[in-house]
Amino acid sequence: MNDQPPARIAATPPDSRGFPLGRALPASSLYRSCTAAELPFELCSELPDMPGLVGQERATEAVNFAMRVRGKGYNVYALGASGTGRHTLIEGLLRSRAASEPTPPDWCYVNNFDDPQQPRCLRLPAGRGAMLAAAMKRLVEDLRAALPAAFERDDYRARRDAVEHQFKERSDEAFGGVQRHAEAHNIALMRTPTGLALAPTRDSRVLNPDQFNELPAAERERIQHEIEAIQGELEATMRQVPLWEREHREAVQMLDRETTGYAIAHFIDELRHDYRDLPEVGRHLDAVEHDIKENVGDFLTPPGAAPEGGPPMPAPVARDIADARFRRYQVNVIVDNAGGQGAPVVYEDNPTHQTLVGRVEHLARFGALVTDFNLLVGGALHRANGGYLLLDAEKLLAGNYGWASLKRALAAGQIRIESLEQLLSMASTVSLQPDPIPLEVKVVLIGPPTVYYLLSAQDGDFADLFKIAADFDDRVARTPETTMLYARLICGMTRREKLRPLDRAAVARVIERAARLAGDADKLSASLRDFRNLLHESDQFAADSGKDVIGAAEVEAAIDAQMWRADRVYRHLQEEIGRHTIRIETDGEHVGQVNGLSVISLGTQSFGTPTRITARVRLGRGEVVDIEREVELGGPIHSKGVLILSGFLGGRFGQNRPLSLNASLVFEQSYGGVEGDSASAAELFALLSALAEAPIRQSFAVTGSVDQRGQIQAIGGVNEKIEGFFDSCRMTGFTGRQGVIIPASNVRHLMLRRDILAAAEEGKFAVYAIDTVDQGLELLTGTAAGEADGDGNYPPGTLNHRIGARLDRFAAQAVALARLAAPAGIPP
Amino acid sequence: MTDAPADAPVIGHILVSLDAASESRPAIETAARLAADAGASLGGLFIEDEELLHLADLPFTRHITLGTGTEPLSRHQVERHLRSAADRAGRELAAAAERHRVGYTFRVVRGSSADLLAGAAGHGLVVAGGLGRPIGRHFRLECRWWSSLDAAQGAFLLVRHGRRTQGTVAVLLPDQGPASARLLRAAAQIAAGGNRALTVLCPPSLAAESGLQVWIAEQLGGAAAAPRVAVAPVEPDELPARMAQLNCHLLAVGGLDAWGGRQLRQFFDRFACDILTVR
Chain A
80 MNDQPPARIA
90 ATPPDSRGFP
100 LGRALPASSL
110 YRSCTAAELP
120 FELCSELPDM
130 PGLVGQERAT
140 EAVNFAMRVR
150 GKGYNVYALG
160 ASGTGRHTLI
170 EGLLRSRAAS
180 EPTPPDWCYV
190 NNFDDPQQPR
200 CLRLPAGRGA
210 MLAAAMKRLV
220 EDLRAALPAA
230 FERDDYRARR
240 DAVEHQFKER
250 SDEAFGGVQR
260 HAEAHNIALM
270 RTPTGLALAP
280 TRDSRVLNPD
290 QFNELPAAER
300 ERIQHEIEAI
310 QGELEATMRQ
320 VPLWEREHRE
330 AVQMLDRETT
340 GYAIAHFIDE
350 LRHDYRDLPE
360 VGRHLDAVEH
370 DIKENVGDFL
380 TPPGAAPEGG
390 PPMPAPVARD
400 IADARFRRYQ
410 VNVIVDNAGG
420 QGAPVVYEDN
430 PTHQTLVGRV
440 EHLARFGALV
450 TDFNLLVGGA
460 LHRANGGYLL
470 LDAEKLLAGN
480 YGWASLKRAL
490 AAGQIRIESL
500 EQLLSMASTV
510 SLQPDPIPLE
520 VKVVLIGPPT
530 VYYLLSAQDG
540 DFADLFKIAA
550 DFDDRVARTP
560 ETTMLYARLI
570 CGMTRREKLR
580 PLDRAAVARV
590 IERAARLAGD
600 ADKLSASLRD
610 FRNLLHESDQ
620 FAADSGKDVI
630 GAAEVEAAID
640 AQMWRADRVY
650 RHLQEEIGRH
660 TIRIETDGEH
670 VGQVNGLSVI
680 SLGTQSFGTP
690 TRITARVRLG
700 RGEVVDIERE
710 VELGGPIHSK
720 GVLILSGFLG
730 GRFGQNRPLS
740 LNASLVFEQS
750 YGGVEGDSAS
760 AAELFALLSA
770 LAEAPIRQSF
780 AVTGSVDQRG
790 QIQAIGGVNE
800 KIEGFFDSCR
810 MTGFTGRQGV
820 IIPASNVRHL
830 MLRRDILAAA
840 EEGKFAVYAI
850 DTVDQGLELL
860 TGTAAGEADG
870 DGNYPPGTLN
880 HRIGARLDRF
890 AAQAVALARL
900 AAPAGIPP
Chain B
94 MTDAPADAPV
104 IGHILVSLDA
114 ASESRPAIET
124 AARLAADAGA
134 SLGGLFIEDE
144 ELLHLADLPF
154 TRHITLGTGT
164 EPLSRHQVER
174 HLRSAADRAG
184 RELAAAAERH
194 RVGYTFRVVR
204 GSSADLLAGA
214 AGHGLVVAGG
224 LGRPIGRHFR
234 LECRWWSSLD
244 AAQGAFLLVR
254 HGRRTQGTVA
264 VLLPDQGPAS
274 ARLLRAAAQI
284 AAGGNRALTV
294 LCPPSLAAES
304 GLQVWIAEQL
314 GGAAAAPRVA
324 VAPVEPDELP
334 ARMAQLNCHL
344 LAVGGLDAWG
354 GRQLRQFFDR
364 FACDILTVR
C-alpha cells in the first residue's frame with residue numbers, strides 16, 4: 080500500500096566512463112565503428128600480407144620454443160577454439176623451421192635370413208633407400224640370367240659329371256663287386272619291388288622251388304650258404320648307400336656354391352662397393368650372398384616350370400610362384416626421403432593405430448593369407464620421423480587405439496609395427512615382428528581446451544609427453560595496430576582464396592563484424608573460419624552484382640544473409656510474441672512483473688528473447704522460492720542468483736526487523752531449463768516491486784546479475800538480448816518509451832545492429848546502463864529509491880521506505896498470528 | 094623317284110612294356126605321346142616277373158632294402174607289391190593317355206619278359222623304360238628290357254626320359270636291306286611326330302652308293318622332310334663325338350648284331366638318348 084507520494088528522482092551525473100547512468104545511452108555508445116583514420120588505404124589489395132596470426136604471440140612463442148627444445152617430451156598441445164587458424168599457423172611455423180633442418184634418412188625393411196619372422200631395418204641416407212631397392216631388383220634380374228648360364232656352361236657340366244661319375248663309379252664298384260661275386264656262384268642279384276635279393280640260377284634263369292628241391296641236399300646247402308655270405312656283403316654295401324648319398328649331396332652343394340659364388344661375385348661386389356660407407360648394408364649383402372649360394376636352385380628353375388612329371392601350371396600361378404621365390408631379396412622402402420628438402424612436416428588426417436605406427440598387410444595365396452617383410456607399410460610416425468607430425472586431438476582420441484599407440488611410441492622412442500590383434504593379444508597366429516625403428520619426432524596435437532584439460536587431469540602420461548601448451552586466444556584486443564593487422568590478414572586471405580579485393584568501408588565492416596563476433600566492442604574475434612566464410616559470401620554478392628571490388632554493401636548483405644539463414648526459430652518466437660501467444664508486454668505498468676532477457680543458442684547462432692518474470696509476496700518465514708528450481712528447471716547458477724536476492728533483502732531490510740515474508744519467483748511461459756544469473760537483477764526488481772507495490776514499466780527489459788550489496792554486474796550476450804527485446808517491440812509496436820536496462824560494465828560490449836542504432840538516434844528505442852539496484856528501480860518505477868540515513872531509515876515516499884514499511888507490516892502480522900496461535904499450542 | 098613302300102607306316106600300334114623293376118613313367122609318357130603323334134593305337138602290358146615269384150618261393154630268400162635292412166621275402170609280399178606296381182602303372186598310363194588324348198588298353202600278365210615280348214613284337218613299336226629303378230641315388234641294376242632287345246622282333250624303343258626334347262633323331266643305317274628300311278621309316282615317323290630333324294649316318298661304302306638318296310626317298314615316300322645324310326665315323330669310338338655334335342636324343346640303330354650291347358648302353362647312359370632298334 081502506498082501511503083506516501085512518490086519521491087522525485089535526483090539528476091544522475093555522467094559516469095566516469097563517459098556515459099550517463101540511468102539515462103539513455105547515446106547512439107555512439109551502442110556501436111564502435113572502424114574509422115577511416117584506422118584504415119589508411121582505398122583497397123585492401125594495397126596492403127602486404129600478414130605473416131602469421133594477429134594477437135597469438137603467446138601460442139606462437141610456445142610452438143617456437145618447443146621446436147627449439149630437443150629434450151624428450153617437448154611435444155605440443157595447441158589448444159584453442161576451432162577456426163582460429165591454429166593449424167595454418169602451426170603448419171607454417173613448422174614448415175618454416177623444418178626447411179632449414181637436415182633431411183632425415185630413408186628407412187627400409189629387408190629380409191632377416193636367419194629368422195624371416197623378424198625383418199631387419201636398414202637406415203640409409205635420404206634417397207639411397209630407393210636406390211638400394213632398385214639395385215637389389217636389378218641384381219635378382221641379373222642373377223636370373225647369369226646363374227642358369229653359369230650352370231649351363233661346359234665347365235660346370237664337366238665338374239658335375241665328374242661328381243656324378245665319381246659316385247656312380249663308387250656305387251657300381253661296390254654293388255658290381257657283389258654282383259660279380261654272386262654271378263660267379265650262379266647267383267643273380269635281383270631287383271625286388273622294394274630292394275635287392277639274391278637268387279640261385281641255372282642258365283641265367285632263376286631256379287624255381289621244384290628245380291631247387293631237385294638239387295642234392297649238399298648243393299642246396301652250399302647255395303644257401305653262398306647266398307647268405309653274399310647277402311652279408313650286399314647288406315654291408317647297402318648300409319654305405321646313405322653315407323654316399325650324403326657325401327654326394329655335399330659334393331654337389333659345394334660345387335653349386337662355388338659356381339654360384341663365382342657367378343655372383345662381381346654383381347655383389349659392385350653393390351658392396353656402392354654401399355661401402357654403410358656397414359649395415361654390407362652385412363645385409365653378405366647375408367644375401369650366402370642365401371643365394373644356399374638356394375641357387377630357385378634361380379635355375381625356369382619360371383612356370385612344372386614339378387617333374389606334373390602337369391604344366393597356369394601362367395599366373397607360375398609367375399606368382401616365380402616372383403615369390405625372389406621376394407626375400409627385395410628391399411621394402413617404407414620411408415623414402417628422396418628429393419626431400421629439410422625435415423618432413425606430416426599431417427595425418429585419420430590418426431589410428433595403423434595409420435600412425437604402420438601395418439602388416441597380407442596377400443591371399445592359394446587360399447591362405449601370407450605376409451612377409453615386403454608387406455610392411457609405414458605409418459605417419461615413419462613419414463614424420465626426423466621432423467614434425469600434426470594431429471587433431473579429437474580424431475586421435477576417437478580413432479582405434481591411435482592415442483595409446485602414439486604414447487607408446489613417444490615413450491619408447493621407437494616405432495614398432497605390429498597389428499592391432501598383436502597389440503591387444505587377440506591373435507595367436509605367427510606374424511612378423513620387425514625391428515623397431517628409432518623415433519625422433521616432434522608431435523603437435525591440435526585440439527580444444529576441454530580435451531587438453533581432460534588429458535591433463537586424467538592421463539598420467541600426458542604431462543610427460545606433451546610438455547608445451549600453445550594456448551590460442553579466441554579474441555584479440557582491438558587497437559589501431561591490431562585493426563590494421565586485421566586489414567592485412569583480410570587482404571592476404573582474399574589473395575590466397577582468389578577473391579575480389581575489399582574497399583576500405585568493406586574492410587571496416589568486416590572488422591566491426593569481428594568485434595561483434597567477439598561480443599565486445601574492444602575485442603576482435605580470432606575465428607579465421609568466420610572471416611573466410613564472410614569474405615567468400617561477400618565475394619559472391621559482389622559477383623552477383625557484377626562488381627570487381629567488394630564493398631560494405633556486399634559485406635552487409637552477406638552478414639544479413641547469414642543471420643537470415645539461421646534465424647528461423649528466432650523469427651518464429653518473435654512472431655508468437657507479436658501474436659501475444661507468448662505474452663510479453665512492452666507498454667503499461669505492472670506490480671511484480673518485469674521483462675527479463677535470456678539468450679538461446681542453437682547451433683552456431685545465438686539470439687536473445689524477452690521473458691516475463693513475476694514475483695508474488697505474502698506473509699511467511701523469510702523464504703524466496705525459486706519456482707524454476709522447485710520444478711528442477713533451474714540450474715545451479717540460476718539458483719545461486721535467487722539465493723543472493725535473499726541475501727540482498729536481509730542485508731538491506733533485515734537489520735532491524737524479521738523478514739516475515741514468503742516470495743515466489745517464476746519465469747512465465749518458460750518450459751525449458753533456465754541457467755545463469757543474468758536475470759537475477761530482473762528477478763530482484765520484480766520482487767522489490769511486489770514488496771513496494773510499485774508498478775514496473777513494461778516498456779523496459781532488464782538484464783544483469785546482482786550481488787548481495789545491490790550492485791549490478793556484467794552478463795554475457797548483451798547484444799543479442801538487446802536485439803531480442805528490440806525485435807519484440809517491433810512486433811508489438813514501438814512507443815518511443817521502450818528500452819533495455821543493462822549493467823554499466825556491459826556498455827563496452829555493445830556492437831548492436833544498424834537498425835537499433837537508427838532507432839536510438841531517432842529516439843524510438845534506448846539502452847540504459849546502471850550500476851546499482853536503486854538506479855534500476857528508479858528507471859523502472861519512475862520513483863526515487865531513497866538512501867538510508869545513519870539509522871538505516873529511508874526517506875518517506877521512496878521505494879526503499881515503502882519496502883521497509885511493507886516488511887514491518889508482515890512482521891507485525893507474524894507476531895500477532897504467533898500470539899493467537901500460542902495458547903492453542905500451535906507452533907509459531 | 095620310286096613308289097612308297099607298301100608296308101608303311103611302321104608304327105600302327107604302340108605297346109608299352111612295364112614291370113616292377115624298371116622306371117615306367119618315361120616309357121608311358123613317350124608311348125602315349127608317340128601314339129598321339131603317329132595316330133597309333135596304344136596298349137599297356139604289365140609283366141609280373143615270374144622269376145621274382147620263384148625267388149620268393151625259395152625258403153631262405155631274404156631281401157635287403159635301404160629302409161629296413163634284411164628281411165624275409167614271401168610270395169604273398171611279392172604278389173602284393175606286384176599288384177600295387179601294376180595298379181600304379183595302369184593309373185599312370187590312364188593319365189598319360191588322357192593328357193595326349195589317345196585311347197588305350199592295359200593288361201597284366203605273368204611270365205618271363207623276354208618270352209612275352211617275343212610274342213608281342215611284330216605288331217608295331219614296343220616301348221620300354223631303359224633304366225632300372227635305382228637303389229639309392231646312383232646304383233641301378235640293369236633292367237630286364239636290355240636283355241629283351243635280342244629277343245624282340247620288330248621295332249623296340251628303350252626310353253631314358255619321358256619329356257619331349259628338341260634334339261635330333263639319328264639313324265645308324267648299315268645297309269639298304271629290309272630291316273634298315275623299317276628302321277628308317279620308324280625313325281622318320283618318330284622324328285616327324287616330334288618335329289625333330291632326322292640325320293642318317295651311313296658307313297662310307299654305303300654313303301658312296303649313288304642310289305642311296307633315291308632309296309631313302311623311296312622308303313620315306315615323301316611323307317617326311319628329306320633327311321640329312323652323312324658319313325658315319327669309321328671308328329666306333331668316334332661316334333660319341335659325332336652324336337654330341339648332332340645333339341642326338343634318339344639313336345636308331347640298325348644292324349644290331351654289329352653293335353655290342355655295352356656300346357648301346359654307353360650311348361644310353363652318356364648321352365641320355367633313347368635307343369630304337371628294328372629287326
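Protein chains in written order, with this note's numbering: chain A, 80 to 907; chain B, 94 to 372. The C-beta atom is built at its ideal place from N, Cα and C for all residues, glycine as well.
Beta-bridge pairing of residue i - partner residues as DSSP gives them
i         : result
Asn741(A) : Arg697(A) and Glu702(A)
Ile801(A) : Per DSSP, none; premise fails for Ile801(A).
Gln684(A) : Leu681(A)
Ser604(A) : Arg554(A)
Ser115(B) : Gly225(B)
Trp186(A) : Arg202(A) and Val414(A)
Rounded separation between residue i and residue j - CA only
i         : j         : result
Ile590(A) : Pro737(A) : 55 Å
Ala548(A) : Gln672(A) : 49 Å
Pro165(B) : Arg173(B) : 14 Å
Gly256(A) : Leu277(A) : 14 Å
Val220(B) : Ile121(B) : 8 Å
Met94(B)  : Ser303(B) : Because the pLDDT at Met94(B) is just 35, under 50, the model does not fix this residue reliably, and the value given afterwards should be weighed accordingly. So the alpha carbons of these two residues sit roughly 13 Å apart.
Thr370(B) : Asp289(A) : 37 Å
Met830(A) : Arg557(A) : 13 Å
Ile496(A) : Glu802(A) : 58 Å
Cys113(A) : Arg827(A) : 15 Å
Leu175(B) : Asp208(B) : 19 Å
Arg816(A) : Arg776(A) : 9 Å
Arg351(A) : Pro227(A) : 23 Å
Arg256(B) : Tyr341(A) : 31 Å
Per-residue contacts from residue i into chain A (C-beta, under 8 Å)
i         : result
Val171(B) : Thr271 and Pro272
His156(B) : Thr271, Thr273, Gly274, Leu275 and Ala276
Arg226(B) : Arg270
His147(B) : Ala278, Val285, Leu286, Asn287 and Pro288
Thr163(B) : Gln310 and Glu314
Cross-chain neighbours of residue i in chain A, by beta carbon under 7 Å
i         : result
Phe153(B) : Gln303 and Ile306
Gly230(B) : Rather than Gly, the amino acid found at residue 230(B) in this sequence is Arg. What Arg230(B) touches in chain A: Glu324 and His327.
Ala179(B) : Correct list: empty, because the minimum Cβ distance to chain A is about 11 Å.
Leu166(B) : Thr271 and Ala276
Ala323(B) : Those within 7 Å of Ala323(B) in chain A number zero; the least Cβ separation is about 24 Å.
Residue i classed as buried or exposed, judged by whether at least 16 other C-beta atoms fall within 10 angstroms
i         : result
Arg289(B) : buried
Asn190(A) : buried
Thr529(A) : exposed
His304(A) : exposed
Ala848(A) : buried
Arg126(B) : buried
Asp367(B) : buried
Entirely enclosed beta strand (DSSP E) segments - the region 131 to 205 of chain B, minimum 3 residues: Runs found: 134 to 142, 155 to 158, 162 to 165 and 198 to 204.
Mind pulling the beta strand (DSSP E) runs of 3 or more residues that sit fully within the region 403 to 489 of chain A? 410 to 414, 424 to 427, 442 to 444, 447 to 449 and 467 to 471
Which runs of the alpha helix (DSSP H) at least 4 residues long sit entirely within the region 750 to 837 of chain A? Give them in chain order. 759 to 771 and 797 to 811
Contained alpha helix (DSSP H) runs [length at least 4] in the region 242 to 301 of chain A, N- to C-terminal order: Counting only runs of 4 or more, we get 288 to 293.
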